[in-house]
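K.L.:
What the sequence shown shows, in full-length UniProt numbering, is residues 1 to 253, in sequence order. I have a structure I would like to understand better, so I am pasting it below and will then ask my questions one at a time.
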Amino acid sequence: MSINYTELIFVRSVMSLKAEASKNYLGLLWWVIEPTLYLGVFYFVFGMGFRQGGEGFLSYLLCGLVVWKWFDASIKACTVSITQNVGIMYQLYLPKLIFPAIAIVAASFRFIFILAIFLAFLLLTDTNIQASWLWLPLLLLVQMYFIVAVGFLVAAIVPLIPDLRLVVNYVMLMLFFSSGIFFDISLMDERVRDILAYNPFLMIINFYRSVLLSGTPPAFNAMAGIALFSTVLTIINLFIYKRFDRVYPRLAG
Numbered sequence: 001m002s003i004n005y006t007e008l009i010f011v012r013s014v015m016s017l018k019a020e021a022s023k024n025y026l027g028l029l030w031w032v033i034e035p036t037l038y039l040g041v042f043y044f045v046f047g048m049g050f051r052q053g054g055e056g057f058l059s060y061l062l063c064g065l066v067v068w069k070w071f072d073a074s075i076k077a078c079t080v081s082i083t084q085n086v087g088i089m090y091q092l093y094l095p096k097l098i099f100p101a102i103a104i105v106a107a108s109f110r111f112i113f114i115l116a117i118f119l120a121f122l123l124l125t126d127t128n129i130q131a132s133w134l135w136l137p138l139l140l141l142v143q144m145y146f147i148v149a150v151g152f153l154v155a156a157i158v159p160l161i162p163d164l165r166l167v168v169n170y171v172m173l174m175l176f177f178s179s180g181i182f183f184d185i186s187l188m189d190e191r192v193r194d195i196l197a198y199n200p201f202l203m204i205i206n207f208y209r210s211v212l213l214s215g216t217p218p219a220f221n222a223m224a225g226i227a228l229f230s231t232v233l234t235i236i237n238l239f240i241y242k243r244f245d246r247v248y249p250r251l252a253g
């Protein structure tokens, strides 16, 4: 019996989202309500409360948060994607890459809603659609490639070293505060800028801000660097999954 793995990933992703939604009274409406609340909290705190950062800061902040949300949700779901499916692995053989892929696709469906809400916010706050927005699909592809590379790696190593799940949580927290979500890196000390410049997710956030807020194309050299980095991780991932493919059911169990 042949299995269409692409279809399986899509169907399982939708099923997991529907199963999660069925636990709530409002069901699928939470796909819209949750991202609206997420952005709404920061809007009221920074847009109507502290009012720090000057004109345009709120859009600057929300842009970083939207991009981060996709990455954060995907990676955290990947950390347990293999261990949570040990029962399926005992019943039939499936390439283990499928499990983090399902987690990422499910998180991506959620991201579509939060991105749409953010774009609507920009238009409602007198931000005009610019030609630079045409670069958005390319940015999404670059970020997806990066998420897949990092997510697959995390999913691969956590079953081998379970304690790394806790380490991943703290690394994500560190990335959250060092990716320029709440501040402009150009205003920081030069030594700090030089260190943070190596953070690939800081680059990704800046791509979106350039395209959506500044009306300028993304930095293509930096995009190529992230694509190359993701390719290296992908090669490492293929080696790890091939090496431990038959071992994961025992480790996860």
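Backbone N, C-alpha and C define an ideal beta-carbon position, used for all residues, glycine too. Since we're looking at a predicted model, the values are computed, not measured.
State yes or no: is the C-beta of Phe99 within less than 7 Å of the C-beta of Ser81?
P.N.:
In the sequence shown, counting from the first residue as 1, residue 99 sits at position 99. In the sequence shown, counting from the first residue as 1, residue 81 sits at position 81. Yes. Within cutoff.
K.L.:
Using the beta-carbon count (16 or more within 10 Å), is Asn206 buried or exposed?
P.N.:
As a working note, residue 206 is residue 206 in the sequence shown. Looking at its Cβ environment, which holds 16 or more other Cβ atoms inside 10 Å, Asn206 is buried.
K.L.:
Under three-state DSSP, which class holds Met1?
P.N.:
As a working mapping, residue 1 is identified with position 1 in the sequence shown. With a pLDDT of 40 at Met1, under the threshold of 50, the modelled position of this residue cannot be trusted; read the value that follows with caution. Coil.
K.L.:
Count Cβ pairs between the stretch 117-127 and the stretch 140-156 that sit closer than 8 Å; are there 3 or more?
P.N.:
With a cut-off of 8 Å, the stretch 140-156 and the stretch 117-127 do not count as touching, because too few Cβ pairs lie within range.
K.L.:
Is it true that the CB of Phe71 sits closer than 7 Å to the CB of Ile185?
P.N.:
Translated into positions along the sequence shown, residue 185 becomes position 185. Translated into positions along the sequence shown, residue 71 becomes position 71. No, they are not a contact pair.
K.L.:
Taking Val105 as the reference, give the member of Ile235, Ala219, Val11 and Val150 with the closest Cα.
P.N.:
By 1-based counting over the sequence shown, the position of residue 105 is 105. The shortest C-alpha separation from Val105 is found at Val11.
K.L.:
Could you give the DSSP three-state label for Asp72: helix, strand or coil?
P.N.:
The residue labelled residue 72 in the question sits at position 72 within the sequence shown. In this structure, Asp72 counts as helix in the three-state DSSP scheme.
K.L.:
Suppose you measure from the CA of Leu136 to the CA of Phe118; what does that come to, to the nearest Å?
P.N.:
As a working note, residue 136 is residue 136 in the sequence shown. As a working note, residue 118 is residue 118 in the sequence shown. Each residue's Cα considered, the two are about 13 Å apart.
K.L.:
Assess contact between the stretch 157-169 and the stretch 76-93, defined as three or more Cβ pairs (one per stretch) separated by less than 8 Å. Is contact present?
P.N.:
They touch, by the three-pair rule.
K.L.:
According to the Cβ coordinates, are Ser13 and Ile102 closer than 7 Å?
P.N.:
Here residue 13 is taken as the residue at index 13 of the sequence shown, counted from 1. Here residue 102 is taken as the residue at index 102 of the sequence shown, counted from 1. Yes.
K.L.:
Would you mind reading off the limits of the alpha helix (DSSP H) that contains Thr231?
P.N.:
Locating residue 231 in the sequence shown gives position 231, where the first residue counts as 1. Taken as a continuous stretch (DSSP letters only), the alpha helix (DSSP H) holding Thr231 covers Phe220 to Phe244.
K.L.:
What's the C-alpha gap between Tyr248 and Val211?
P.N.:
The residue you call residue 248 lines up with position 248 of the sequence shown. The residue you call residue 211 lines up with position 211 of the sequence shown. Their Cα atoms are separated by approximately 41 Å.
K.L.:
What alpha helix (DSSP H) runs, 4 residues minimum, are completely inside the stretch 153-217?
P.N.:
Entirely contained in the stretch 153-217, the alpha helix (DSSP H) runs reaching 4 residues are, in chain order, 164-178, 190-196 and 200-209.
K.L.:
Please state the DSSP three-state secondary structure of Leu119.
P.N.:
Mapped onto the sequence shown, residue 119 falls at position 119. In the structure shown, Leu119 sits in a helix (DSSP, three-state: H, G or I).
K.L.:
Excluding the 5 residues flanking Met1 on each side, which residues of the same chain have their C-beta closer than 7 Å to its C-beta?
P.N.:
Translated into positions along the sequence shown, residue 1 becomes position 1. At Met1 the pLDDT is 40, less than 50, meaning the model places this residue with poor confidence and gives no usable figure here.
K.L.:
By alpha-carbon positions, which one of Arg246, Tyr38, Ser178 and Leu233 ends up nearest to Leu150?
P.N.:
Walking along the sequence shown from the start, residue 150 turns up at place 150. Residue 150 is actually Val in this sequence, not Leu. Val150 has its Cα closest to that of Leu233, out of Arg246, Tyr38, Ser178 and Leu233.
K.L.:
In the stretch 74-135, which residue ranges form an unbroken alpha helix (DSSP H) of at least 4 residues, counting only runs that do not cross its ends?
P.N.:
The qualifying runs are 86-91 and 98-124.
K.L.:
Give me, in chain order, the residues of the same chain whose beta-carbon lies closer than 6 Å to that of Val67; leave out the 5 immediate sequence neighbours on both sides.
P.N.:
Taking the first residue of the sequence shown as position 1, residue 67 is located at position 67. The answer, listed in chain order, is Ile205 and Tyr208.
K.L.:
Use the C-beta contact count for Leu166: other C-beta atoms within 10 angstroms, 16 or more gives buried, fewer gives exposed.
P.N.:
The sequence position of residue 166 within the sequence shown is 166, counting from 1. It counts as exposed.
K.L.:
Pick out whichever of Lys23, Leu139 and Gly180 has its Cα sitting closest to the Cα of Phe220.
P.N.:
Here the question's residue 220 lines up with position 220 in the sequence shown. Comparing Cα positions, the closest option is Leu139.
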